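Working notes, beginning with the structure itself.
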Amino acid sequence: MNRLLALVKREFWENKGAIRTTPLVIGGFYVVAVLMGVITMSHFDADGYTTRMAIEELGKMSSDVRETVLYEGGLASSVFFTIVMSFVVFFYLLGALFDDRKDRSILFWKSLPASDTLTIASKLLTAMVLIPLSFLAALILTHIVIGLILSVTIAVSGGNPWTLLIAETSPLKVWGMIAVSWFAHSIWALPLYGWLLLVSAFAPRVPLLFATLPPLIFSVLQGWIEFLQSFTLRGNLGSLIKDWFFNTPAILTAEVGDGHAGPALGVPLAGDFDHAVTLGNMLDRLFSLQMLVGLLVAAVFLAGALWFRRRATEG
Amino acid sequence: MTPIISAHGLTKRYGRTLAVDHIDLEIPPGRIVGLIGPNGAGKTTALKAILGLATYDGELSVLGKNPATQRAALMEDVCFIADVAVLPRWIRVSQLIEITERLHPGFKRERCMQYLAQTKVTTGQKVKQLSKGMVAQLHLALVMAIDAKLLVLDEPTLGLDIIYRKEFYTNLLNDYFDEERTILITTHQVEEVEHILTDLVFIRDGRIALESTMEEVQERYVELMAKPDKALEARQLHPIHERELFGRHIFLYDNVSRERLQGLGELHTPSVADLFVATMKGGQK
Numbered sequence: 001m002n003r004l005l006a007l008v009k010r011e012f013w014e015n016k017g018a019i020r021t022t023p024l025v026i027g028g029f030y031v032v033a034v035l036m037g038v039i040t041m042s043h044f045d046a047d048g049y050t051t052r053m054a055i056e057e058l059g060k061m062s063s064d065v066r067e068t069v070l071y072e073g074g075l076a077s078s079v080f081f082t083i084v085m086s087f088v089v090f091f092y093l094l095g096a097l098f099d100d101r102k103d104r105s106i107l108f109w110k111s112l113p114a115s116d117t118l119t120i121a122s123k124l125l126t127a128m129v130l131i132p133l134s135f136l137a138a139l140i141l142t143h144i145v146i147g148l149i150l151s152v153t154i155a156v157s158g159g160n161p162w163t164l165l166i167a168e169t170s171p172l173k174v175w176g177m178i179a180v181s182w183f184a185h186s187i188w189a190l191p192l193y194g195w196l197l198l199v200s201a202f203a204p205r206v207p208l209l210f211a212t213l214p215p216l217i218f219s220v221l222q223g224w225i226e227f228l229q230s231f232t233l234r235g236n237l238g239s240l241i242k243d244w245f246f247n248t249p250a251i252l253t254a255e256v257g258d259g260h261a262g263p264a265l266g267v268p269l270a271g272d273f274d275h276a277v278t279l280g281n282m283l284d285r286l287f288s289l290q291m292l293v294g295l296l297v298a299a300v301f302l303a304g305a306l307w308f309r310r311r312a313t314e315g
Numbered sequence: 001m002t003p004i005i006s007a008h009g010l011t012k013r014y015g016r017t018l019a020v021d022h023i024d025l026e027i028p029p030g031r032i033v034g035l036i037g038p039n040g041a042g043k044t045t046a047l048k049a050i051l052g053l054a055t056y057d058g059e060l061s062v063l064g065k066n067p068a069t070q071r072a073a074l075m076e077d078v079c080f081i082a083d084v085a086v087l088p089r090w091i092r093v094s095q096l097i098e099i100t101e102r103l104h105p106g107f108k109r110e111r112c113m114q115y116l117a118q119t120k121v122t123t124g125q126k127v128k129q130l131s132k133g134m135v136a137q138l139h140l141a142l143v144m145a146i147d148a149k150l151l152v153l154d155e156p157t158l159g160l161d162i163i164y165r166k167e168f169y170t171n172l173l174n175d176y177f178d179e180e181r182t183i184l185i186t187t188h189q190v191e192e193v194e195h196i197l198t199d200l201v202f203i204r205d206g207r208i209a210l211e212s213t214m215e216e217v218q219e220r221y222v223e224l225m226a227k228p229d230k231a232l233e234a235r236q237l238h239p240i241h242e243r244e245l246f247g248r249h250i251f252l253y254d255n256v257s258r259e260r261l262q263g264l265g266e267l268h269t270p271s272v273a274d275l276f277v278a279t280m281k282g283g284q285k
């Protein structure tokens with residue numbers, strides 16, 4: 001266990017920019033956007049009249065409405081983080097078993113008493129747990145800073161930030177929901193992660209092409225040859241990947257449901273899952289038949305990655 | 001004494017070529033073995049098999065373990081430097097020390113710091129900021145701070161200047177080597193290691209061309225710089241190699257007594273490099 005954690009720490013050292021700096025920069029964008037909003041407002045509203053009126057209006061709203069807006073706003077603010085995080089994980093895993101082969105430092109890593117299984121486990125753990133945790137920490141920090149800015153703005157304009165804002169938020173629920181959705185997504189995405197590690201372990205160069213071209217070509221061919229479709233589980237590979245992407249348990253888009261728009265899990269196009277943001281809907285995906293098949297696929301890919309990793313120093 | 005490395009019929013095939021061809025080898029503890037061969041002779045391939053970095057056929061046991069299936073466990077007692085500059089370039093010296101300490105049960109931080117204190121390497125630096133010689137010093141400091149039973153060096157000083165090379169082997173000999181440790185070195189710069197070796201293994205075309213201790217080598221082989229009029233006579237005593245230097249003929253003999261050669265010219269113990277050239281050429285006839 002200690003060795004596994006040491007290896008995860010090494011992943012963090014190597015990818016500090018992607019793992020730590022990137023989410024902070026995204027948080028910075030949010031904060032700057034809010035600050036710019038507040039400053040712009042004060043510029044056109046020098047005597048603060050409009051702001052006061054707005055805050056008064058806010059006070060007239062029912063507490064329920066404020067609560068819902070803050071809750072769903074909180075969930076929705078994770079979308080940008082989720083999207084960037086997906087890219088970070090994608091490129092992290094593509095390089096995970098490739099970079100040290102390229103610069104030959106694999107010979108140093110293999111001189112240490114850490115098995116290839118442990119090495120791959122550390123990379124997977126980094127992608128599934130460490131990176132989401134880091135993004136979550138940045139997201140929480142962002143929420144707190146924005147909450148402070150808004151509180152000060154409300155207070156300066158004579159409102160009570162406690163009753164209008166802070167008491168209406170349910171931060172633990174928002175953060176918990178986002179955290180669960182991200183970790184659920186980590187499991188959901190295992191077939192992809194396994195594939196990326198497999199490519200990373202065998203690609204002689206440009207792992208990006210090796211990762212994207214085969215499924216692309218295969219999908220196109222499959223779509224083209226209608227005949228093949230009759231043999232497959234559910235449509236062709238392309239539509240399988242599409243379904244997988246659209247159904248992710250991460251909060252990714254908004255959906256219009258019972259008269260109002262709110263954050264939604266994945267992209268609500270395909271019909272086999274409910275896209276409302278609830279724990280039940282996240283778990284539904286993880287205990288689905290598709291997920292089981294996905295885990296088997298992931299296991300095959302990971303075994304392949306291990307096979308190639310073992311032989312990476314041949315020749 | 002149980003051997004550190006024991007190979008029987010060790011074979012490695014790349015497609016149709018045999019990189020290592022049924023090698024039998026036993027290396028006892030407390031030796032410094034030079035594995036010497038021309039490019040493509042199978043040295044690195046053999047080392048890779050020993051280190052668990054490549055699959056192989058035949059029997060191979062290193063410290064009683066099977067390198068192909070027990071690499072991680074084996075690396076607790078084996079260190080290797082596979083030429084210079086394989087340390088990851090992005091890492092900081094302090095991080096390198098920390099990860100080695102956390103993964104290696106036999107690593108002694110104080111000892112590593114002592115060695116580093118003798119160099120210009122500082123813990124805050126990244127490997128990419130270091131010169132090639134400093135990277136080699138750093139790697140050696142890490143390795144010497146590990147209480148390993150077997151140290152494998154594959155061209156450890158390639159591309160370093162003469163000062164670093166000398167220092168590298170001096171440190172290795174003075175601070176590291178003892179009766180329990182075994183060092184296996186491959187290198188092209190034979191002259192540099194010949195005075196520290198206890199054993200010699202020549203490898204050619206994947207086979208062992210010579211396996212001997214240095215004492216045996218000194219007893220068995222003799223080099224004769226023949227007097228000009230004795231060259232013909234010397235040639236009749238079946239030298240394994242003949243070369244010409246400044247018009248004088250130099251013969252290398254295997255198992256010919258010194259008494260017989262005494263009158264023919266000056267006798268020397270051949271250098272490993274000359275012996276190597278003779279052995280490699282001799283076998284090709």
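Line by line, the protein sequences give chains A and B. So for the first sequence, our numbering puts the first residue at 1; every next one is plus one. So for the second sequence, our numbering puts the first residue at 1; every next one is plus one. Cβ coordinates follow ideal geometry from the N, Cα and C atoms, glycine included. This one's a predicted model, so the numbers in the text were calculated from it and none came from an experiment.
Beta bridge counterpart(s) of residue i as assigned by DSSP
i                     : result
residue 13 (chain B)  : B:18
residue 29 (chain A)  : None; residue 29 (chain A) has no bridge partner.
residue 264 (chain A) : A:253 and A:276
residue 80 (chain B)  : B:152
residue 92 (chain B)  : B:126
residue 25 (chain B)  : B:7
residue 65 (chain B)  : B:62
residue 146 (chain B) : B:107
Span of the alpha helix (DSSP H) around residue i
i                     : result
residue 207 (chain B) : Premise fails: residue 207 (chain B) lies in the beta strand (DSSP E), 207-213, not in any alpha helix (DSSP H).
residue 225 (chain B) : Unbroken run through residue 225 (chain B) is the beta strand (DSSP E), 221-226; no alpha helix (DSSP H).
residue 229 (chain B) : Looking at the DSSP string, residue 229 (chain B) is not in any alpha helix (DSSP H), and its letter there is neither H nor E.
residue 175 (chain B) : First-last for residue 175 (chain B): undefined, no H or E at that position.
residue 243 (chain A) : 237-246
residue 62 (chain B)  : From DSSP, residue 62 (chain B) is part of no alpha helix (DSSP H) but of the beta strand (DSSP E) over 57-62.
residue 188 (chain B) : Neither: residue 188 (chain B) is in no alpha helix (DSSP H) and is coded neither H nor E.
residue 301 (chain A) : 289-310
residue 157 (chain B) : Residue 157 (chain B) -> no alpha helix (DSSP H), and no H or E assigned at all.
residue 53 (chain A)  : 49-60
Enclosing beta strand (DSSP E) for residue i [first to last residue]
i                     : result
residue 32 (chain B)  : 32-36
residue 254 (chain B) : 248-254
residue 204 (chain B) : 199-204
residue 241 (chain B) : 241-245
residue 179 (chain B) : Run containing residue 179 (chain B): none; DSSP gives neither H nor E here.
residue 86 (chain B)  : Where residue 86 (chain B) is concerned, there is no enclosing beta strand (DSSP E), given that its DSSP letter is neither H nor E.
residue 268 (chain B) : 265-268
Alpha-carbon spacing of residue i relative to residue j, whole angstroms
i                     : j                     : result
residue 158 (chain A) : residue 255 (chain A) : 35 Å
residue 168 (chain A) : residue 147 (chain A) : 12 Å
residue 118 (chain B) : residue 153 (chain B) : 21 Å
residue 148 (chain B) : residue 200 (chain B) : 22 Å
residue 14 (chain A)  : residue 48 (chain A)  : 49 Å
residue 49 (chain B)  : residue 198 (chain A) : 24 Å
residue 228 (chain A) : residue 23 (chain A)  : Bear in mind that the predicted position of residue 228 (chain A) carries a pLDDT of just 49, short of 50, making it unreliable; the figure below should be weighed with that in mind. Going by the C-alpha atoms only, they are around 43 Å apart.
residue 193 (chain B) : residue 79 (chain B)  : 19 Å
residue 300 (chain A) : residue 194 (chain A) : 8 Å
residue 280 (chain B) : residue 274 (chain B) : 10 Å
residue 32 (chain A)  : residue 171 (chain A) : 21 Å
residue 260 (chain B) : residue 241 (chain B) : 17 Å
residue 11 (chain B)  : residue 47 (chain B)  : 12 Å
residue 246 (chain A) : residue 212 (chain A) : 18 Å
residue 130 (chain B) : residue 96 (chain A)  : 24 Å
residue 201 (chain A) : residue 243 (chain B) : 51 Å
residue 231 (chain B) : residue 237 (chain B) : 10 Å
residue 213 (chain B) : residue 266 (chain B) : 24 Å
Cβ-heavy atom distance, residue i to the ligand HEM, below 8 Å
i                     : result
residue 192 (chain B) : This structure lacks the ligand HEM; in fact it carries no ligand of any kind.
Cutoff 9 Å: residue i Cβ touching any chain D Cβ
i                     : result
residue 313 (chain A) : Reference to chain D is not applicable here, since the protein chains of this structure are A and B.
Exercise. Mind pulling the alpha helix (DSSP H) runs of 4 or more residues that sit fully within the stretch 63-135 of chain A?
Worked result: Taking only runs of at least 4 residues, the alpha helix (DSSP H) segments lying wholly in the stretch 63-135 of chain A are 63-76, 78-96, 99-102, 106-109 and 116-125.
Exercise. Okay, do the stretch 14-25 of chain B and the stretch 297-311 of chain A touch, 3+ Cβ pairs below 8 Å being the bar?
Worked result: With the cut-off at 8 Å, the stretch 14-25 of chain B and the stretch 297-311 of chain A do not touch.
Exercise. Counting pairs of beta carbons, one from the stretch 115-128 of chain B and one from the stretch 52-64 of chain B, are three or more of them closer than 8 Å?
Worked result: The stretch 115-128 of chain B makes no contact with the stretch 52-64 of chain B: fewer than 3 CB pairs, one atom from each, lie closer than 8 Å.
For this session: Write down every uninterrupted run of the alpha helix (DSSP H) in the stretch 128-172 of chain A whose length is 4 residues or greater and which is fully enclosed by it, in chain order.
Result: Counting whole runs of 4 or more residues, the stretch 128-172 of chain A contains the alpha helix (DSSP H) stretches 131-156 and 161-164.
Exercise. For the 8 Å Cβ check, are there 3 or more pairs between the stretch 219-230 of chain B and the stretch 252-271 of chain B?
Worked result: As far as the Cβ criterion goes, the stretch 219-230 of chain B touches the stretch 252-271 of chain B, which means the pair count is three or higher.
Exercise. So does the stretch 91-105 of chain B actually touch the stretch 4-12 of chain A, counting three or more Cβ pairs closer than 8 Å?
Worked result: Yes, the stretch 91-105 of chain B is in contact with the stretch 4-12 of chain A.
For this session: Check whether the stretch 248-267 of chain B touches the stretch 178-186 of chain B, taking contact to mean three or more Cβ pairs, one atom from each stretch, closer than 8 Å.
Result: Segments in contact, no.
Exercise. For the 8 Å Cβ check, are there 3 or more pairs between the stretch 276-288 of chain A and the stretch 167-184 of chain A?
Worked result: Touching, per the Cβ criterion.
Exercise. Should the stretch 111-118 of chain A be regarded as contacting the stretch 278-293 of chain A, the criterion being three or more beta carbon pairs within less than 8 Å?
Worked result: Too few Cβ pairs lie closer than 8 Å, so no.
Problem set entry | Three CB pairs or more closer than 8 Å across the stretch 87-97 of chain B and the stretch 37-46 of chain B | The stretch 87-97 of chain B is not in contact with the stretch 37-46 of chain B.
Exercise. Is the stretch 131-140 of chain B touching the stretch 82-94 of chain A in the sense that three or more CB pairs, one from each, lie closer than 8 Å?
Worked result: The stretch 82-94 of chain A, when compared against the stretch 131-140 of chain B, does not touch it at the 8 Å Cβ threshold.
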